[in-house]
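J.:
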Amino acid sequence: MRNVFNFTNPLRQLGTRRYSFWIPFIASVLVILLSEIYVYSVAHNPMVVGRYIIFVHVAMIIYFSFRDGIKGGVITVVLAIAYYAYIIYTRNYSGEQLRAGIDATIVLSLLYSLLAGVIGWLKQTLDRLVGREKDERIRLQAIIDQLPVGVVITDSKGIVVEVNKKIDQFLGMKLPKGVKVGQTPLLETKQKGRTLTPSQGPLAVVLSTGKSVVDREVNVLSKDGKQVYLKVSAAPIHSHDGKLIAAASIVTDITQQKELEKRKDDFVNMASHELKTPITSMKLYMDSLQARVKSKDEKLEKILARLQYQTDNLQQLVSDLLDVSRIQTGKLTFHKEEFSLNELIKETIQGLQEAASTHTISFIAKDMVNVYADRFRIYQVLTNLLTNAIKYSPDGGAIKIYLKREKGKAIISVQDNGIGIPKEQHKKIFERLYQVTDPKEKTYPGLGMGLYISREIIKRHQGRIWVESEKDKGATFFVVLRMR
Ligand code: ADP
144 MRNVFNFTNP LRQLGTRRYS FWIPFIASVL VILLSEIYVY SVAHNPMVVG RYIIFVHVAM
204 IIYFSFRDGI KGGVITVVLA IAYYAYIIYT RNYSGEQLRA GIDATIVLSL LYSLLAGVIG
264 WLKQTLDRLV GREKDERIRL QAIIDQLPVG VVITDSKGIV VEVNKKIDQF LGMKLPKGVK
324 VGQTPLLETK QKGRTLTPSQ GPLAVVLSTG KSVVDREVNV LSKDGKQVYL KVSAAPIHSH
384 DGKLIAAASI VTDITQQKEL EKRKDDFVNM ASHELKTPIT SMKLYMDSLQ ARVKSKDEKL
444 EKILARLQYQ TDNLQQLVSD LLDVSRIQTG KLTFHKEEFS LNELIKETIQ GLQEAASTHT
504 ISFIAKDMVN VYADRFRIYQ VLTNLLTNAI KYSPDGGAIK IYLKREKGKA IISVQDNGIG
564 IPKEQHKKIF ERLYQVTDPK EKTYPGLGMG LYISREIIKR HQGRIWVESE KDKGATFFVV
624 LRMR
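For the sequence shown, counting from 1, position 253 maps to 396 in this note's numbering; every step adds exactly one.
Rendered as structure tokens:
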């Protein structure tokens, strides 16, 4: 039944551009035969044919020119006109009746041809357009399938309309078309350990905000139970008149990269733990050695002092490495207490001023400010900002540290007159292992960990840290901390 419907429904074949000769031909011949049988065997009146045949033929011309284009229409018209000629001949028309019959046949043949031509032409144009769109879709699908990245496209309501094979490979299952994104019951999507609700997925965000999402990392539990890490970028698609009509996302599998990163982090963590113990005992031995040679051997005392200084650097490096790895694994802990920032800043300056004789560090406090924070960690941030100010002002000069209170917040700023930082680097310097100068040149020692650790510490205190600077015009780092 369904096949019969598909076969006879002209809309089913839209775009195929296959036009049959035999179907309209056989159908027309059958209609003529049935009509003749009806006229002679049922109605017993050869003249009755004129009452219905025009309607039947008009309907047939419309149907076949829509089904089989101009070809279908023309075949039906030719057979219809031939039948009319046959009627005129077999019904023995004469005189006035014959002339009227011939006139009517000529007029009808013109009208029928016009009808078949117009409808057939429309149908063929429609087929061409639909066919072109179908070809376009096939081409697009082939390109999407061959891409080395996963692609998911949804309509404006978030229903998946296109998925390529790469996505199925990533997820270990077929992501069905027609489902709403984020609502595949088998998949749980997480970002930084938190399960995402359907409305928080990258495509859903694009559809609700109309803005692109760039390089978001999520992880999904694939069908075979593996954690798959994916990087997703998604963008809205607008129609020519600016309406949001769809959203498309590009997905790359970064599982291997993540595993490698984890192994590297584990290694750094382990190595810094292993290094910590021998350095601590080295320092202890050095302290006792220093006490022994004190004012006995000046030369040895100097060597020991230098050794002590280098060991301190080494200890600082290892401790930074450990902090970075703690941040990566979410294990950085805080012990908060209330303390005076003024005192802490003075202490920090004291500790550093001795080692930095070429720079003068001054403290300008507008207010007395107490904060509730981890004293040691804030000390670490201040030390980092001040050592940077010293390190990146190679010509010496004044370093100023300001402290004031504003709207229940403590604002600290560290200002230097050093080499400065170009605008486009202001955000990047707070990233892990980022350095402005080429690390290979080694103009300035360091590994690019200090500001990353500082930013994490301040972030975990619900504070803010940023820099204002221009190249060659010094830099001012700002830290804002909540007082309570
Ligand atoms: P490190 O100093 O070990 O390289 P940081 O994370 O402390 O790492 O700093 C990151 C980068 O930011 C530095 O490499 C440097 O290029 C830039 N930077 C930091 N502080 C300053 C400053 N006060 N003036 C100029 N550049 C700075």
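Each residue gets a CB set at the ideal place from its N, CA and C atoms; glycine is no exception.
Taking the beta carbon of S500 as the centre, do at least 16 other beta carbons fall within 10 Å, making it buried, or is it exposed?
T.: Taking the sequence shown and counting its residues from 1, one reaches residue 500 at position 357. By the 10 Å Cβ count, S500 comes out exposed.
J.: If you scan the segment 280 to 362 from start to end, which runs of the alpha helix (DSSP H) of 4 or more residues do you find wholly inside it?
T.: For the segment 280 to 362, whole alpha helix (DSSP H) runs of length 4 or above, ordered along the chain, are 308 to 314, 345 to 352.
J.: DSSP three-state call for A499: helix, strand or coil?
T.: The residue labelled residue 499 in the question sits at position 356 within the sequence shown. It is coil, neither helix nor strand.
J.: Nearest by alpha-carbon distance to F506: which of V514, L495, P565, Y515 is it?
T.: On the sequence shown, position 363 is the one that residue 506 refers to. Among V514, L495, P565, Y515, the Cα nearest to that of F506 belongs to L495.
J.: Which complete alpha helix (DSSP H) runs does the segment 167 to 238 hold, if anything under 4 residues is left out?
T.: Listed in chain order, they are 196 to 233.
J.: At 3 residues or longer, what runs of the beta strand (DSSP E) sit wholly inside the segment 416 to 499?
T.: List check, beta strand (DSSP E) in window: 480 to 483.
J.: Reducing DSSP to helix, strand and coil, say where Y577 ends up.
T.: The residue you call residue 577 lines up with position 434 of the sequence shown. Residue state, collapsed to three classes: coil.
J.: In chain order, what residues have a CB nearer than 7 angstroms to some heavy atom of the ligand ADP?
T.: Per the Cβ criterion, the list is N527, N531, A532, K534, Y535, D559, G561, I562, G563, I564, I572, Y577, Q578, V579, T580, Y587, G589, L590, G591, M592, G593, L594, Y595, S612, A618, F620.
J.: Can you give the beta carbon distance from G606 to G563, rounded, assuming they're within the 8 angstroms contact cut?
T.: Reading the sequence shown from its first residue, position 463 is the one you call residue 606. Reading the sequence shown from its first residue, position 420 is the one you call residue 563. With a Cβ gap of about 24 angstroms, G606 and G563 do not count as contacting.
J.: Taking the beta strand (DSSP E) that E567 falls in, what are its first and last residues?
T.: For the purposes of this step, residue 567 is identified with residue 424 of the sequence shown, where counting begins at 1. Element bounds for E567: n/a, residue is neither H nor E.
J.: Who are the Cβ neighbours of Q370 in its own chain at under 7 angstroms, not counting the five residues just before and after it?
T.: For the purposes of this step, residue 370 is identified with residue 227 of the sequence shown, where counting begins at 1. Answer for Q370: N362, L364, listed in chain order.
J.: I302 and K323 look like a contact to me (Cβ under 8 angstroms); what is the Cβ gap, rounded to whole Å?
T.: On the sequence shown, position 159 is the one that residue 302 refers to. On the sequence shown, position 180 is the one that residue 323 refers to. At roughly 6 angstroms, the Cβ-Cβ gap stays under 8 angstroms, so I302 and K323 are in contact.
J.: Using 8 angstroms as the Cβ pair cut-off and three pairs as the minimum, do the segment 552 to 570 and the segment 427 to 444 touch?
T.: No, the segment 552 to 570 is not in contact with the segment 427 to 444.
J.: Quick one: what does DSSP say G591 is sitting in, helix, strand or coil?
T.: What you label residue 591 is simply residue 448 of the sequence shown in a count that begins at 1. Three-state result, G591: coil.
J.: Taking L258 as the reference, which of S237, L269, L241, T219 has the closest Cα?
T.: Translated into the one-based positions of the sequence shown, residue 258 becomes position 115. Here the closest residue by C-alpha is T219.
J.: What are the partner residues of R160, as DSSP defines its beta bridges?
T.: On the sequence shown, residue 160 is found 17 positions in, with the first residue counted as 1. DSSP output for R160 lists no bridge partner at all.
J.: Kindly identify the DSSP beta-bridge partner or partners of V547.
T.: The residue given as residue 547 occupies position 404 in the sequence shown. According to the sequence displayed, residue 547 carries Lys and not Val. According to DSSP, K547 bridges with I554.
J.: Check whether the Cβ atoms of A378 and S355 lie closer than 8 angstroms to each other.
T.: Counting from one through the sequence shown, the residue named residue 378 turns up at place 235. Counting from one through the sequence shown, the residue named residue 355 turns up at place 212. Cβ atoms of A378 and S355: closer than 8 angstroms.
J.: On the CB-based measure, 16 or more other CB atoms within 10 Å of its CB, does N149 come out buried or exposed?
T.: Within the sequence shown, residue 149 is the residue found at index 6, counting from 1. N149 is exposed by the Cβ-count criterion.
J.: Please tell me whether, using a cut-off of 7 angstroms, the distance from the CB of L546 to the nearest non-hydrogen atom of the ligand FAD is below it.
T.: No copy of the ligand FAD appears in this structure; the ligands present are the ligand ADP.
J.: V349 to V306, Cα distance in whole Å?
T.: The residue labelled residue 349 in the question sits at position 206 within the sequence shown. The residue labelled residue 306 in the question sits at position 163 within the sequence shown. V349 and V306: Cα-Cα distance of roughly 17 angstroms.
J.: Terminal residues of the continuous alpha helix (DSSP H) containing V147?
T.: Stepping through the sequence shown from its first residue, residue 147 is reached at position 4. That run of the alpha helix (DSSP H) goes 145 to 151.
J.: Measure the Cβ-Cβ separation of R376 and D396 and say whether it is below 8 angstroms.
T.: For this step, residue 376 is matched to residue 233 along the sequence shown. For this step, residue 396 is matched to residue 253 along the sequence shown. A small correction: the amino acid at residue 376 is Ser; Arg does not occupy that position in the sequence shown. Not closer than 8 angstroms, so no.
J.: What's the gap between the Cα of K277 and the Cα of A390?
T.: Here residue 277 refers to the residue found at position 134 of the sequence shown. Here residue 390 refers to the residue found at position 247 of the sequence shown. Roughly 21 angstroms between the two C-alpha positions.
J.: Need the endpoints of the beta strand (DSSP E) that L387 sits in, please.
T.: Along the sequence shown, read from residue 1 onward, the residue named residue 387 stands at position 244. Unbroken beta strand (DSSP E) run through L387: 387 to 396.
J.: Could you pull the DSSP bridge partners for A508 from this structure?
T.: The count along the sequence shown starts at 1 and reaches residue 508 at position 365. Answer by DSSP bridge pairing, in chain order: L546.
J.: For E599, which of helix, strand or coil comes out of DSSP?
T.: By 1-based counting over the sequence shown, the position of residue 599 is 456. Correct three-state label for E599: helix.
J.: Does the pairing of the segment 163 to 178 with the segment 205 to 222 give three or more beta-carbon distances under 8 angstroms?
T.: Touching, yes, given that three or more Cβ pairs across the two stretches are closer than 8 angstroms.
J.: Name, in chain order, the residues that DSSP records as bridge partners for A516.
T.: Here residue 516 refers to the residue found at position 373 when the sequence shown is read from its first residue. Paired residues: E480.
J.: With C-beta atoms as the reference, is G325 less than 8 angstroms away from A347?
T.: If you number the sequence shown from 1, residue 325 lands on position 182. If you number the sequence shown from 1, residue 347 lands on position 204. Result yes, Cβ atoms of G325 and A347 sit closer than 8 angstroms.
J.: Is it a yes or a no for the segment 519 to 529 touching the segment 474 to 494, going by three-plus beta-carbon pairs under 8 angstroms?
T.: Yes, since at least three Cβ pairs between the segment 519 to 529 and the segment 474 to 494 fall closer than 8 angstroms, the two stretches touch.
J.: Kindly indicate which residue of I249, Q400, F313 has the alpha-carbon position closest to the one of K366.
T.: Taking the first residue of the sequence shown as 1, we reach residue 366 at position 223. Considering only alpha carbons, the answer is F313.
J.: Is the segment 178 to 192 touching the segment 237 to 247 in the sense that three or more CB pairs, one from each, lie closer than 8 angstroms?
T.: No: fewer than three Cβ pairs fall under 8 angstroms.
J.: Whole angstroms is fine: what's the gap from T233's alpha carbon to L272's?
T.: Here residue 233 refers to the residue found at position 90 when the sequence shown is read from its first residue. Here residue 272 refers to the residue found at position 129 when the sequence shown is read from its first residue. Each residue's Cα considered, the two are about 46 angstroms apart.
J.: Shortest alpha-carbon distance to K571 belongs to which of G551, I608, I175?
T.: For the purposes of this step, residue 571 is taken as the residue at position 428 of the sequence shown. When only C-alpha atoms are compared, the closest one is I608.
J.: In this structure, does DSSP put Y535 in helix, strand or coil?
T.: One-based indexing of the sequence shown puts residue 535 at position 392. Looking at Y535 - three-state DSSP - the assignment turns out to be coil, as it is neither helix nor strand.
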